[in-house]
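Everything below concerns the one structure shown next.
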Amino acid sequence: MNFEEALHEILSLPSPWEIMHVELIKDERLVEVQVRHQGEELHCPECGAPSPGYDSRNRRWRHLDLCEYQTSIVCDVPRVECVEHGVKQLLVPWAEVSARFTARFECHVIDLLLITPMSATAKLLGLSWDQVAGIQARAVKRGLERRGDVSPKWIGIDETSFQKRHEYVSCVSDLLTSKVIYVADGHGQDSIQPFFDGLSPAQLAGIEVCAMDMHDPFINVAAVALPNWEEALCFDRFHAAQLFGRAVDEVRRAENKVLIAAGDDSLKKTKFHWLKSLKTMSKRMKREFKALQALSLDVAKAWAIKEMASKLWHYKSRTWAKKAWLQLCDWADETGLAPMQRVARTIRLYWIGIVNAVVHGASNAASESINSRIQRLKGRANGYRNRDRFRDAIMFHLGGLDLYPRLATHTEP
Numbered sequence: 032m033n034f035e036e037a038l039h040e041i042l043s044l045p046s047p048w049e050i051m052h053v054e055l056i057k058d059e060r061l062v063e064v065q066v067r068h069q070g071e072e073l074h075c076p077e078c079g080a081p082s083p084g085y086d087s088r089n090r091r092w093r094h095l096d097l098c099e100y101q102t103s104i105v106c107d108v109p110r111v112e113c114v115e116h117g118v119k120q121l122l123v124p125w126a127e128v129s130a131r132f133t134a135r136f137e138c139h140v141i142d143l144l145l146i147t148p149m150s151a152t153a154k155l156l157g158l159s160w161d162q163v164a165g166i167q168a169r170a171v172k173r174g175l176e177r178r179g180d181v182s183p184k185w186i187g188i189d190e191t192s193f194q195k196r197h198e199y200v201s202c203v204s205d206l207l208t209s210k211v212i213y214v215a216d217g218h219g220q221d222s223i224q225p226f227f228d229g230l231s232p233a234q235l236a237g238i239e240v241c242a243m244d245m246h247d248p249f250i251n252v253a254a255v256a257l258p259n260w261e262e263a264l265c266f267d268r269f270h271a272a273q274l275f276g277r278a279v280d281e282v283r284r285a286e287n288k289v290l291i292a293a294g295d296d297s298l299k300k301t302k303f304h305w306l307k308s309l310k311t312m313s314k315r316m317k318r319e320f321k322a323l324q325a326l327s328l329d330v331a332k333a334w335a336i337k338e339m340a341s342k343l344w345h346y347k348s349r350t351w352a353k354k355a356w357l358q359l360c361d362w363a364d365e366t367g368l369a370p371m372q373r374v375a376r377t378i379r380l381y382w383i384g385i386v387n388a389v390v391h392g393a394s395n396a397a398s399e400s401i402n403s404r405i406q407r408l409k410g411r412a413n414g415y416r417n418r419d420r421f422r423d424a425i426m427f428h429l430g431g432l433d434l435y436p437r438l439a440t441h442t443e444p
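Residue numbering for the sequence shown follows my numbering, beginning at 32 and increasing consecutively.
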């Protein structure tokens, strides 16, 4: 077997495509593999009808390197004149339509992108950033086409920052698979509306949980789109915990100012005592905290409400869960502490989503985890200046998509 025959076997070219010549350009460390279509009968790539030849177009595709030599496939690709579809170029078995790289090369790029930043992949393969981004975009498009329609049961909606100037993208995730299923610019109603618009009535009715933060634009869209929104809408327990934590800290800061003015520094350097629960305190912190509780401080009342709120997430009955949360709001009102009263008003306003989260045992933790992974992606790339590429990167890494091309000369990795 000579070199050309071996290369033909390596490339797995199907008949009637044949290697005509291999040129080695040592000075440039290049290998050019010249391929020709040897078949006498040509067919339209659209309908398969026998069609007369029209002309040919010279094309070049970057292939996997051969012994560290950059390798290209070069071919005069025939064009046919179909009665129905007009002039069409034959499909080649080693690359997708309009691609400048072979399927195997794109698979290699995808493998690298999954484990290295785009800039490192480009440098390693001698490609431009735009070329690598194009391969990534095609992989995402390919994956979305293969995925088809989605019918998630539990979804989470969250926003993540794109750049420092309060620019965001919004993501919808399947909470049961931890996969991103939709990404859009912004964090308003118009960013999420297309996701729900793309679902059928049956798919919308099948959504049992829609978890999110207490973000009115998302709430408004879900409340209109979901026929069972009063049972499906769930607000994240960690977001609720943040509301109580911030209110407690606001009470502490206000009370600390009053005490310091009176010459009392009891609350000085105690911020984290009040943000923790007894279970998470060290022995030393517990001793210090019990001494603080004995002082009958306003912040101690606020802390007790915060702790009670953390215990209200274990109800199974919707009726009892609602009753417990509204009683907690009454308690917060009775303290006379403005920050706690504000939290009580918020809870009363959003109680449906809180009670649903309690009953379903649902949270937006999976979405928050995905958000963290998105921020790591952004950090690995030293930020994204292009929104399209940022969205592509999210779906590429977190969409669980089938990214690889499948052609006659390529088997799945």
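Even for Gly, the Cβ is constructed at its ideal location relative to N, Cα and C.
**Prompt:** Which runs of the beta strand (DSSP E) fall wholly inside the segment 181 to 218 and span at least 3 residues, in chain order?
**Reply:** If we require 3 residues or more, the beta strand (DSSP E) runs fully inside the segment 181 to 218 come out as 185 to 194, 198 to 205 and 210 to 216.
**Message:** So if DSSP puts residue 101 in a beta bridge, which residue, or which two residues, is it bridged to?
**Reply:** 61
**Asked** When burial is assigned at 16 or more other CB atoms within 10 Å of the CB, is residue 190 buried or exposed?
**Response** buried
**Prompt:** Less than 8 Å separating the beta-carbons of residue 201 and residue 223?
**Reply:** Cβ atoms of residue 201 and residue 223: closer than 8 Å.
**Asked** So the alpha helix (DSSP H) residue 269 belongs to, where does it begin and stop?
**Response** 268 to 292
**Prompt:** Thinking C-alpha only, which one of 243, 267 and 238 is nearest residue 259?
**Reply:** It is 238.
**Asked** Helix or strand or just coil, what does DSSP make of residue 80?
**Response** In this structure, residue 80 counts as coil in the three-state DSSP scheme.
**Request:** Quick one: grab the DSSP three-state call for residue 257.
**Result:** coil
**Local conformation of residue 49 per DSSP, three classes** = strand
**Prompt:** What do you get for residue 54, buried or exposed, if any count of 16 or more other CB atoms within 10 angstroms of its CB means buried?
**Reply:** exposed
**Asked** For the segment 335 to 349 against the segment 249 to 257, are there 3 or more C-beta pairs whose distance is under 8 Å?
**Response** no
**Message:** Using 8 Å as the threshold, is the C-beta distance between residue 35 and residue 50 below it?
**Reply:** yes
**Item:** Own chain residues within Cβ distance below 7 Å of residue 375, not counting five before or after
**Value:** 360, 363 and 364
**Prompt:** For the candidate residues 433, 157, 285 and 227, whose alpha-carbon lies nearest to that of residue 451?
**Reply:** The chain is shown only over 32 to 444; residue 451 falls outside these bounds and no answer can be derived.
**Request:** Using three-state DSSP, classify residue 164 as helix, strand or coil.
**Result:** helix
**Prompt:** Which same chain residues, not among the five before or five after residue 114, have their C-beta less than 8 Å away from its C-beta?
**Reply:** Same-chain partners within the cutoff: 80 and 82.
**Message:** Measuring CB atoms only, is the segment 277 to 288 touching the segment 315 to 335, in the sense that at least three cross pairs come out at less than 8 Å?
**Reply:** yes
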